[in-house]
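Have a look at the structure below, then the notes.
Number of protein chains: 4
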Amino acid sequence: MTLSTKLMIYGQAVDSRLLIGSALYPSPEIMKQAILASGAKVVTLSLKRQNPAQQSGAKIWQYIQDLVKETQGFLLPNTAGCKTAKEAVTLAKMSREIFQTDWIKLEVIGDDYNLQPDPIELLKASEQLLNEGFKVLPYCTDDLVVCQRLYDLGCQVIMPWASPIGTGKGLMNPYNLATIRSRLPDVTLILDAGIGKPSDACLAMEMGYDAVLLNSAIALADNPMLMAKAFAQAIVAGEQGYMAGVMQQRQTAHPSTPTLETPFWHQ
Amino acid sequence: MTLSTKLMIYGQAVDSRLLIGSALYPSPEIMKQAILASGAKVVTLSLKRQNPAQQSGAKIWQYIQDLVKETQGFLLPNTAGCKTAKEAVTLAKMSREIFQTDWIKLEVIGDDYNLQPDPIELLKASEQLLNEGFKVLPYCTDDLVVCQRLYDLGCQVIMPWASPIGTGKGLMNPYNLATIRSRLPDVTLILDAGIGKPSDACLAMEMGYDAVLLNSAIALADNPMLMAKAFAQAIVAGEQGYMAGVMQQRQTAHPSTPTLETPFWHQ
Amino acid sequence: MTLSTKLMIYGQAVDSRLLIGSALYPSPEIMKQAILASGAKVVTLSLKRQNPAQQSGAKIWQYIQDLVKETQGFLLPNTAGCKTAKEAVTLAKMSREIFQTDWIKLEVIGDDYNLQPDPIELLKASEQLLNEGFKVLPYCTDDLVVCQRLYDLGCQVIMPWASPIGTGKGLMNPYNLATIRSRLPDVTLILDAGIGKPSDACLAMEMGYDAVLLNSAIALADNPMLMAKAFAQAIVAGEQGYMAGVMQQRQTAHPSTPTLETPFWHQ
Amino acid sequence: MTLSTKLMIYGQAVDSRLLIGSALYPSPEIMKQAILASGAKVVTLSLKRQNPAQQSGAKIWQYIQDLVKETQGFLLPNTAGCKTAKEAVTLAKMSREIFQTDWIKLEVIGDDYNLQPDPIELLKASEQLLNEGFKVLPYCTDDLVVCQRLYDLGCQVIMPWASPIGTGKGLMNPYNLATIRSRLPDVTLILDAGIGKPSDACLAMEMGYDAVLLNSAIALADNPMLMAKAFAQAIVAGEQGYMAGVMQQRQTAHPSTPTLETPFWHQ
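Protein chains in written order, with UniProt numbering: chain A, 1 to 267; chain B, 1 to 267; chain C, 1 to 267; chain D, 1 to 267.
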């Protein structure tokens, strides 16, 4: 995380370090209120939601687009549900045309059960889309070498998972996530998928991640609006915690109250 | 945590769920700025800091008292460093006289290395002090039975540890801490000691704790003022997260983007 | 753990570091086979199992006693279910008379739900029973100060929990358990309650614990006899691991295959 | 893990579920004694250890080969240190010629610091070597999709990491490792790299892994021979634990001693 600047997505400064999804809410109105409450400026959505022949999704797309316009934010189409590079590339192109943006959250799923990214197809699709001028935000696992290769291809943003989509398990492998951060200091790292609680998001930011993308944790909360606020604050707290420099853990106790006669300011 | 109310300490509503210590800061001025930035309304301090014969601590006490007055907050004297009930009771009485408050953070240390509370002496001292009209805030480990006994004695506030003082290890035993919360729904629970990062504080609040007390994590940060703000926000985030209802963890992935043709609002 | 010697219980050398319970098995015959397979030399049992008026437990007691005799082992009566020192002392005395042993596994439960020990009543009962010549093996939580006090009273064996009885959660708080080991090097430490898997028992032994006591993990396995063997070997493995000196963890990778030209024996 | 059979490596039954490395020991003699004590039947070694021009490694290779013959075991050459598929394939072919075996532990490192496998190059090299008749044992991370692809290529053995080589951190991501086991029930899964303690190996086996490969944890122990025995037993314990059926964890305590009057065998 570059301390002094805003979240940067391919050169575009973004005013919030929380990116939010637009699915699974109890109603469109609740989605809208939750997104507004979150302060998020980037909203993901999926073309797959609709059968193009029937245009059944058009109404909700318009709703989301209006909402994003209202926030002066950015639409981030995704390729959720795609299983091959080819499929993802096709969907990305349709999304660019329909949503008028070259940003694409690239998902290429390699497993039907844990919905994890397929690193091979992901790299393939990333390369093609970058070559065609897309600004690719790839969703990947916490594999350093895959992240490095995405970076080498030209991805300026990389989005490793915390845990499988929708599980709310939080950061399964903090060691891997910290390694990616330290080895790729210049890339914008957005933790994506598996976040369940505001403290998970806070922890990611304390580790130096640039932002957090989530959906279920807000959409499935009892009170999505309030949870959206909670995440917004947890992310700011984590960012400030990172910038303020977290204390070192100690193995043994250390009194916070000085012993008698110890000069006060030099305990 | 009672959702709709403020933090209650023996009937006194308090405007912040962060309680803060006054030791270990680089300078008095930094301490002051950090405490102000934290928004904390309760500041702990220790009579032990001074040799009464020399009155060397008087100046800093006055400084802290003025600061607390400025915040319209509350002084919370502690008995840090005491090893027996007798010693702690004596110090509590001195503190009441000097600081003009019947609030006492009761610490009776049973081990020199991990500075953990001695449950036996703690119960003894709590009983005596409650009988003498003190409002006792006992610092204890995460032992449910000891907490239950403190509650039975009349403690309206109980402060289990997260981990040993000054270690920054965070919540060592979330299972125990969650058990205490669920079994003692009516007591004000303040997580005390061992908190290292804003996400630790956030997590405690998500578990339904009423407040968090800390010192080292702010005082030893590279930038105590900024870290104070980070904790303040993390605590609000955790409180809101608790109130908003955290989603259930799932064992397997669940798509946040619906499959084609699934009616949008009923995925 | 004293490396060169056998498990010592109040001066009595014991040939196995696994202590086993006698409840919850599918049948007496399976219990017998499991205990024999475990190689355990100490078997716990409870007088509470029976209504003395009806002598309904006598048959099973005799069965267990015969079994223990067959293994040239030791009976360890427990005070499971007692909630006060008085109750536990009374039951201990009855047990001594009936089972003809001054060994007593002292349980004084302070909470009906997590069945955790009540430290206050436990200390009280321990003191009384030690004074009356019992060899007390107290079941306690992982509270260092309570363990220290039990030791100061004269307990030569102390049995902290891993997690609540019957949960199979394993070692909830390794930090506390390691602290107890390092601060009480001379006491025989037996990890008791909450062990679920052979690897849990192995880990306890690697930390320098002297032995492990369990029941549910064997009795509730699909195949108790095989699980008994598994635990027996896991405990020996952990003991040997402790004695052999576990390698230090490293934060970064280190090749186990040397680079070209590095002298082989000094990589 | 197929319960009733031995470890199978491409149709070859192997008498031990511990595979061992031949580097980092204090001396050749200690290596020999440790390997014999471990009961391992598969010993890894690296051609890279030597500068072919100087033949400096020939002596130690002969030593290891004699040792493996003595145990009636198998040599498993590895491609440690290779960074590209091409390099690994070349080294694998040299190894096949020199060591007279078509088994190859395939390592293609993608990062100099955490020495983690490069999934892309690994897949490429696996395909080539399988096509040339090798029996490939690929070392990979805990990425399900990469494992699935290795399996689809024809790998009958797959070796995910526990954590980076030589760190001794144990199983960093049990969720991923368990997912791989459940989704690839027919492949021989050998946990490789990062194991530090016998309990780590025991845990892997309890999860249904077929075997464990390690080096540092034995070679760097204070007493490698004793540690080798410890691991051998821990692995058998874990295997038996898996076969015996580990009890389910419970969230709340459950008495192992029945209440009064409860019929004994139906508590």
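Ideal Cβ positions, reconstructed from N, Cα and C, are used throughout, including at glycine.
Asked, Found
"Which residues, taken in chain order from the stretch 146 to 178 of chain D, show a beta carbon closer than 7 Å to some beta carbon of chain C?", "Pro164, Ile165, Gly166, Thr167, Gly168 and Lys169"
"Do you know how far the Cα of alanine 211 of chain A is from the Cα of residue 321 of chain B?", "Lying before the first or after the last residue shown, residue 321 of chain B is absent from chain B, which here runs from 1 to 267."
"For chain C, is any of its Cβ atoms less than 7 Å away from the one on cysteine 202 of chain D?", "yes"
"Identify the contact partners of leucine 189 of chain D in chain A, using a Cβ-Cβ distance below 8 Å as the criterion.", "None at all; the shortest Cβ gap to chain A is about 16 Å."
"Consult DSSP for asparagine 173 of chain C and reduce its assignment to one of helix, strand or coil.", "coil"
"Secondary structure at serine 46 of chain A, three-state DSSP: helix, strand or coil?", "strand"
"So, with DSSP's three-state summary, where would you put glutamine 12 of chain C?", "strand"
"Taking the C-alpha atoms as reference points, what is the distance between leucine 137 of chain D and phenylalanine 74 of chain C?", "49 Å"
"Who are the near neighbours of leucine 106 of chain A in its chain, counting only those whose CB is closer than 8 Å to its CB and skipping five residues on each side?", "Asn78, Thr79, Ala88, Ala92, Leu122, Ala125, Ser126, Leu129, Val136, Leu137, Pro138 and Tyr139"
"Which stretch, first to last residue, makes up the alpha helix (DSSP H) that contains isoleucine 218 of chain A?", "216 to 219"
"Contact between the stretch 16 to 28 of chain B and the stretch 212 to 220 of chain B is defined here as three or more beta-carbon pairs at a separation below 8 Å; is this criterion met?", "yes"
"In angstroms, rounded to a whole number, what distance separates the CA positions of isoleucine 64 of chain D and lysine 32 of chain D?", "8 Å"
"Who are valine 136 of chain D's beta bridge partners in DSSP?", "D/Ile104"
"If we call anything under 7 Å between Cβ atoms a contact, is methionine 159 of chain D one with tyrosine 175 of chain A?", "no"
"Can you list, in chain order, the residues of its chain with a C-beta nearer than 6 Å to that of residue 282 of chain D? Leave out the 5 residues immediately preceding and following it.", "Residue 282 of chain D lies beyond the range of chain D shown here (1 to 267); nothing can be said about it."
"Please determine, among C/Pro198, C/Thr90 and C/Asp186, the residue with the shortest C-alpha to C-alpha distance to glycine 208 of chain C.", "C/Asp186"
"Any idea if glutamine 12 of chain C is buried or exposed, counting beta-carbon neighbours within 10 angstroms, 16 or more meaning buried?", "exposed"
"Excluding the 5 residues preceding and the 5 following alanine 228 of chain A in the sequence, name in chain order all residues of the same chain whose CB lies nearer than 6 Å to its CB.", "Ala34, Ala37, Ser38 and Ile218"
"Between which two residues does the alpha helix (DSSP H) carrying glutamine 224 of chain B extend?", "According to the sequence shown, residue 224 of chain B is proline rather than glutamine. Segment 224 to 244, the alpha helix (DSSP H) holding proline 224 of chain B."
"Using only CA atoms, which one of C/Trp103, C/Arg149 and C/Thr90 lies nearest to aspartate 111 of chain B?", "C/Arg149"
"Specify, as a first and last residue, the run of the beta strand (DSSP E) that isoleucine 190 of chain A falls within.", "188 to 192"
"Under three-state DSSP, which class holds isoleucine 120 of chain A?", "helix"
"Tell whether a beta-carbon distance below 7 Å holds between proline 164 of chain B and glycine 194 of chain B.", "yes"
"If you measure beta-carbon to beta-carbon, which residues of the stretch 106 to 123 of chain A are closer than 8 Å to chain D?", "Gly110, Asp111, Tyr113, Asn114, Gln116, Pro117, Asp118, Pro119, Ile120 and Leu123"
"How big is the Cα-Cα spacing for phenylalanine 134 of chain D and glycine 154 of chain D?", "11 Å"
"Using a cut-off of 7 Å between C-beta atoms, extract the partners of arginine 250 of chain A located in chain B.", "Gly166, Thr167 and Gly168"
"Listed from N- to C-terminal order along the chain, which residues in the stretch 226 to 241 of chain D have their beta-carbon within a distance smaller than 9 Å of any beta-carbon of chain C?", "Leu226, Met227, Ala228, Lys229, Ala230, Phe231, Ala232, Gln233, Ala234, Ile235, Val236, Ala237, Gly238, Glu239, Gln240 and Gly241"
"For methionine 207 of chain D, which three-state DSSP category applies?", "coil"
"Using a Cβ cut-off of 8 Å, pull out every chain C residue sitting near leucine 144 of chain B, in sequence order please.", "Gly110, Asp111, Asn114 and Gln116"
"Look at the alpha carbon of threonine 44 of chain A and the alpha carbon of glycine 168 of chain A, and state the distance between them as a whole number of angstroms.", "18 Å"
"Assuming glycine 196 of chain D and glutamine 249 of chain C form a contact by the criterion Cβ under 8 Å, report the distance between their Cβ atoms to the nearest whole angstrom.", "6 Å"
"How long is the line joining the alpha carbons of tryptophan 103 of chain A and threonine 141 of chain D, rounded to whole angstroms?", "30 Å"
"Quick one: is residue 322 of chain B near chain C, going by C-beta distance under 7 Å?", "Chain B is shown from 1 up to 267; residue 322 of chain B falls before or after that span and cannot be answered."
"Suppose the cutoff is 7 Å on Cβ atoms and the five residues either side in sequence are ignored; what does the same chain contact list for methionine 8 of chain A look like?", "Thr188"
"Would you say glutamine 233 of chain A and glutamine 233 of chain B are within 7 Å of each other, going by their C-beta atoms?", "yes"
"Which same chain residues, not among the five before or five after glycine 170 of chain C, have their C-beta less than 7 Å away from its C-beta?", "Ala162, Ser163, Gly194, Ile195, Gly196, Lys197 and Asp200"
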